[in-house]
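Participant: Encoded as C-alpha cells, here's the structure I'll be asking about.
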Amino acid sequence: MPVRDMSVMCAVCSGRRARPNLNLLLLLILLLGPHTVEGVWPLPQAITSSTERYPLTPQAFCFSYGRRSAARPGCSVLDAASERYFSLIFPDYTYANDVLRLSENKPFTVEISVDHDDCDSYPMENSSEKCKDQLMLLDDTFWSCYRYFVNKTKIEDFPRFQFRGILLDTSRHYLPVKTILKSLDAMAYNKFNVFHWHIVDDPSFPYQSHTFPDLSSKGAFHPMTHIYTQSDVRRVISYARLRGIRVLPEFDSPGHTKSWGKGQSDLLTPCYKGGIPSGTFGPVNPALPSTYQFMERLFKEVSAVFPDSYIHLGGDEVDLSCWRSNPYVRAFMQKMGFGVDFAKLEAFYMEKVVNITSFFNKTSIVWQDVFDYHERVMVEVWKEGCYLCEVRRVAKAGLRVILASPWYLDQPGPTHNWARYYTVWPLAFKGTEEQKSLVIGGEVCMWGEYVDATNLAPRLWPRASAAAERLWSNEKQTSSVDKAFPRLQDFRCILLRRGIQAEPLYVGHCKHEYHSV
C-alpha cells in the first residue's frame, strides 16, 4: 500500500535538543563530518547557512522517537536508517549500537515523530519526499527521511522530479548481488529513488522463476552461479526499501527474448528462408494463444515478487524480418485484418501484455518505440536525436514521460565529460504547463555490453551524480558547470570515503582515498 498522509515533525539544530527529520541526515554528515565541504550534492531547493556551529561527538549524540510518534522502536525503516547514518556521521566510532540504544540524557538528541505507523510499507510513485523547514519541519512520508539534516541551517527541500532512476543491465553481464547492493548505497547518497532492474535480455535469463524454472536453468549463463534466486530478489528489494528506493523490474518483449526461448519451447517465432524453417528464431510469437497463457503465468509471479506498482515491458527494437518470413504469422495477420502492417501486429501483442499486467494492478512502462501505436502506457524516451521533440510529442498525447536519452553512461568516456550530463534541460520544449507536468523524471542507463562488477561503479560515478542533481535540484540554481564543479569534486571524495569507487574529475586528491577493492 502507498504511504499517505504521514507527517514527520523535526527541527533544525538550533539548540541542544532538536527534532530533525532523517531526511536531513545526509546534510548533517556533510556539514559536521570530518572534512571541509564546499556544499552539498544534490543542491537543496533553498538553503541558508549560519556560521554558528555546535560541537558534536558520538558519545553525546543519538537518535530517538518523539513522545507523540506513532512509530516506535522496532520500526524497521527508521531503526535501520538511524544505525546507518550514525555510522556515516561518525565513521571512526565503533560503538554506535550502544549510543543508538540509549536516548536518555544525551546532550544532542535527534527526535523523530511520525503520525502514522507504516513501517512495513514500500516507497511508491506518490510517496512524498518534500521537506519544509522553519522552526519545525513537516514532512509527508517515511521516504523523506533519507536526505538531509542541518546544523544551524534552514532548508526547504524537495525533488524537482518524482522519478529519478538508475538502470542496471544484469543480462549482458551478470552482476553479483553484493554489487547491486553497493550500487543501491550509492544511489541513496545521490538521492536516486528508482532502481530499474533490466534483469533479463537476449544474452541471458538470470531471474529464477518458480513457475518456469527452465527459463534460468537453460537461459542463464550458468544455472547455479549466474542466477538471481527468489531469495536474492527479496534481499535486493528489502535493501532498497530501507533506503527509500523502489525496484522496477523490466521483462522486455517481444524482442530481446532469445534467452527466453532456450527454456520455453514454442515461445519464439521460427524464422523461414526459402519457404522452409531456417533453424533460427526471432521475437516472441504473437500468433499463438499459448504465448499469452505463458505471459499471464509469468507476470502473475513477477507481480507477486516485485511489490512496486510499475513494471517495465520494454517493447523496443523488434526485428520484424522473422515475422515477415513466417507464413503462419502472415496468415494470422490476414485473419486479424492487419494486412501487411507489422506495426499493428506488434501493437496487438503489446496490448495483450499490457492488459495482463493491468489485471495484476501494474502500471506499464514501455520504451518510446511502443508509443507510435499505443496510448495506454507510460513512455520512456531513449533514442538519440531530438529527444525533446519526442518528449513533447508524448506529453502532447497526454501520457507521462521518463527521459533517458541524454543519460546513457555505459559507453566509455572521460570522467570530465560529466558536464554533458549536467547541462540537460528536460523541460526545454514548447508546451503547456500541464504537458510539462507529465514529464515525471529521468533515468541514467548503464547497459551491460561493456560493464560488469569490475568497472560498474567508476563508470557510473560521479557522472551519474550530475544527472542526480539535474533531477533533484532547482534548474536555475544549478545551471553553472563552474559553480557545480567544486561541490561535485568534494562529493566525489565523500563517495570514496563511503566505499564507492567514483572516478576522479581532474587532478587533485581526497583526504580519505579509496583503499578497499
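As numbered in mature numbering (1 follows the signal peptide of the UniProt record, and there is no 0), residues -39 to -1, 1 to 478 make up the sequence shown, in order. No residue lacks a Cβ here, since even glycine has one placed at the ideal position from N, Cα and C. Here the structure is a predicted model, which means the values were calculated and not measured.
I need the DSSP call for residue 474, collapsed to helix, strand or coil.
Facilitator: Note: residue 474 maps to coil in three-state DSSP.
Participant: Which residues in the same chain have their Cβ closer than 6 Å to the Cβ of residue 305, if we skip the five residues on either side of it in sequence?
Facilitator: 299
Participant: Taking only runs that begin and end inside the stretch 302 to 336, name each unbroken alpha helix (DSSP H) of 4 or more residues, in chain order.
Facilitator: Fully enclosed alpha helix (DSSP H) runs of no fewer than 4 residues occupy 303 to 320 of the stretch 302 to 336, in order along the chain.
Participant: Looking at C-alpha atoms only, which residue of 467, 157 and 349 is the closest neighbour of residue 212?
Facilitator: 157
Participant: Run through DSSP, which three-state label would residue 355 get?
Facilitator: helix
Participant: Counting only the same chain and skipping the five closest in sequence on each side, list residues whose C-beta sits under 8 Å from that of residue 392.
Facilitator: For residue 392, same chain residues with a beta-carbon under 8 Å away, outside a window of 5 residues either side, are 353, 356 and 357 in chain order.
Participant: Is residue 223 near the ligand NAD, going by C-beta to nearest heavy atom under 6 Å?
Facilitator: Judged by which ligands are present, the structure shown has none, so any question about the ligand NAD falls away.
Participant: Sort out for me which residues DSSP pairs residue 124 with in a bridge.
Facilitator: 402
Participant: For residue 41, which of 80, 463 and 54 has the nearest alpha-carbon?
Facilitator: That would be 80, whose Cα lies nearest to the Cα of residue 41.
Participant: To the nearest angstrom, how far is the alpha carbon of residue 167 from that of residue 365?
Facilitator: 24 Å
Participant: Determine which residues share a DSSP beta bridge with residue 237 and list them.
Facilitator: 234
Participant: With a threshold of 6 Å on Cβ separation, who are the neighbours of residue 151 within its own chain once the five nearest residues in sequence on each side are excluded?
Facilitator: 426 and 429
Participant: CB-CB under 8 Å to residue 466, same chain, minus the five flanking residues each way: which ones, in chain order?
Facilitator: 376, 377, 379, 423, 446, 449, 450 and 453
Participant: Report the residue from 458, 462 and 476 whose alpha carbon sits nearest the alpha carbon of residue 50.
Facilitator: 458
Participant: Name the DSSP bridge partner or partners of residue 455?
Facilitator: Per DSSP, none; premise fails for residue 455.
Participant: Would residue 73 pass as a contact of residue 26 if the rule is Cβ separation under 7 Å?
Facilitator: In this structure, residue 26 lies closer than 7 Å to residue 73 by Cβ.
Participant: Among the candidates 322, 250, 311 and 221, whose CA atom is the shortest distance from the CA of residue 293?
Facilitator: 250
Participant: Using the three-state DSSP reduction, which class does residue 196 fall into: helix, strand or coil?
Facilitator: helix
Participant: Please classify residue 481: is it buried, with 16 or more other beta-carbons within 10 angstroms of its beta-carbon, or exposed?
Facilitator: For residue 481 there is no data in the structure shown, the boundaries of the chain being -39 and 478.
Participant: Buried or exposed: where does residue 63 fall if 16 or more other Cβ atoms within 10 Å of its Cβ makes it buried?
Facilitator: Reliability of the predicted coordinates at residue 63 is poor, the pLDDT of 42 falling under 50, and no value is obtained from them.
Participant: Put residue 29 into one of helix, strand or coil per three-state DSSP.
Facilitator: coil
Participant: Could you have a look at residue 339 and say whether DSSP puts it in helix, strand or coil?
Facilitator: strand
Participant: Can you tell me whether residue 141 is helix, strand or coil according to DSSP?
Facilitator: helix
Participant: Mapping the DSSP letters down to three states, classify residue 288 as helix, strand or coil.
Facilitator: Note: residue 288 maps to helix in three-state DSSP.
Participant: Taking C-alpha atoms, which residue in 190, 222, 138 and 145 lies nearest to residue 482?
Facilitator: Nothing about residue 482 can be reported from this structure: the residues present for the chain run from -39 to 478 only.
Participant: Are the stretch 266 to 286 and the stretch 319 to 328 in contact at 8 Å, needing three or more beta carbon pairs?
Facilitator: Yes, they touch.
Participant: Measuring straight from C-alpha to C-alpha, what distance separates residue 248 and residue 231?
Facilitator: 12 Å
Participant: So if DSSP puts residue 275 in a beta bridge, which residue, or which two residues, is it bridged to?
Facilitator: 327
Participant: Between the stretch 124 to 138 and the stretch 405 to 416, are three or more C-beta pairs nearer than 8 Å?
Facilitator: Between the stretch 124 to 138 and the stretch 405 to 416, the count of C-beta pairs closer than 8 Å reaches three or more; the two stretches touch.
Participant: CB-CB under 8 Å to residue 95, same chain, minus the five flanking residues each way: which ones, in chain order?
Facilitator: Any reading at residue 95 must be qualified, since the residue scores a pLDDT of 33, below 50, and its modelled position is unreliable; no value is offered.
Participant: Can the beta-carbon of residue 141 be found closer than 7 Å to that of residue 210?
Facilitator: no
Participant: Is residue 93 helix, strand or coil by DSSP?
Facilitator: With a pLDDT of 45 at residue 93, under the threshold of 50, the modelled position of this residue cannot be trusted; read the value that follows with caution. In this structure, residue 93 counts as coil in the three-state DSSP scheme.
Participant: Quick one: is residue 509 buried, meaning 16 or more other Cβ sit within 10 Å of its Cβ, or exposed?
Facilitator: With the chain represented from -39 up to 478, any question about residue 509 goes unanswered, as that position is not in the structure.
Participant: How many Å lie between residue 476 and residue 148 at the Cα?
Facilitator: 21 Å
Participant: How big is the Cα-Cα spacing for residue 338 and residue 296?
Facilitator: 27 Å
Participant: Rounded to whole angstroms, what's the CA-CA distance from residue 193 to residue 178? Just pull it up for me.
Facilitator: Using only the alpha carbons, I get a separation of about 16 Å.
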